[in-house]
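Colleague: Mapping of the sequence shown onto our numbering: position 68 corresponds to residue 68, and the numbering continues sequentially without gaps.
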Amino acid sequence: MAVNTGLHTLHIDADCAYLLVLERSAIVGAMSEEWVPIRSLADRRGVTPDAVQKQIKRGRLDLPWQRTNSGRLEVLVDLDALPPMLEPDVSPVVAALEERIEEQRSTIQRVILERDAERAWLEHERAGRIADAARHAEQLASEMAALSADLSARLAEQANKVGQAQLLAEQVRRAADQVQLTMENHQREMENLKAELATLRRRGWLDRLLNRV
């Protein structure tokens, strides 16, 4: 068992603690002191047990305290010096619950405000990104239109060149056909001349001479 004497904390067993209580009771004489749980002291003072524990830890309540074998915290108090037990409109437990509820409400309100602020920021960012995307899409459409016009002009130019090349090729083909036809005519004339020459060679020289006369 741990006992706080006000100056030091002593770890003693239950029998020694009982002797200390007897000795302290003998010293204080007529004072009606008793070891009471923290909750009982809190009810007498009209506060919560947590508030009493904080006051003891901070030294605002200079009371000897001990922790029982079951782990319960008790304090040595003069019951006659404590205010009488009142019947408050709201019990300390209810008051603590209401305080906790109010804290939760404040927390929820803060979370809601933070959520709304974040949502507004996200909407602003989203609107900005949509505007940027629209401008980018418009710029791309303009660039694509310019590129399409340039490509159409180049295709028309190439088509014109191809048309001219096809026309020139047709003219060359016709010229080649004409040359081929001329060469064939010359070839036939040469064949005829060769045949006539061969015939003349087979005839005698007298016949040729007579034919000349």
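For every residue, glycine included, the Cβ atom is placed at its ideal position computed from N, Cα and C.
1. Are the beta-carbon atoms belonging to GLU114 and LEU79 less than 7 Å from one another?
2. Starting from PRO49 and walking both ways along the alpha helix (DSSP H), at which residues does that stretch end?
3. Would you report the Cα separation of MET183 and ARG174, rounded to the nearest angstrom?
4. So, under 8 Å CB-CB, VAL47 and LEU63 are touching, yes? Tell me the CB distance rounded to an integer number of Å.
5. Can you grab the Cα-Cα spacing for the pair ASP43 / ILE112, in whole Å?
6. Around the C-beta of GLU196, are 16 or more other C-beta atoms found within 10 angstroms, so that it is buried, or is it exposed?
7. Per DSSP, PRO37 is paired with what?
8. Is SER70 buried or exposed, if buried means 16 or more other CB atoms sit within 10 Å of its CB?
9. My guess is that VAL215 and TRP65 are in contact by the Cβ rule of under 8 Å, so how many angstroms apart are they, rounded?
10. Select from GLU189, VAL36, PRO49 and ALA120 the residue whose C-alpha is nearest the C-alpha of LEU97.
Modeller: Reading off the structure:
1. Going by beta carbons, GLU114 and LEU79 fall outside the 7 Å limit.
2. Note, PRO49: alpha helix (DSSP H), 49 to 57.
3. Their Cα atoms are separated by approximately 14 Å.
4. With a beta-carbon spacing of about 14 Å, VAL47 and LEU63 fall beyond the 8 Å limit used to define contacts.
5. Just so you know, the alpha carbons of ASP43 and ILE112 end up roughly 36 Å apart.
6. Burial call: exposed.
7. Looking at the DSSP assignment, PRO37 forms a beta bridge with GLU74.
8. Here SER70 is exposed, its C-beta having fewer than 16 other C-beta atoms within 10 Å.
9. The chain is shown only over 1 to 213; residue 215 falls outside these bounds and no answer can be derived.
10. Here the closest residue by C-alpha is PRO49.
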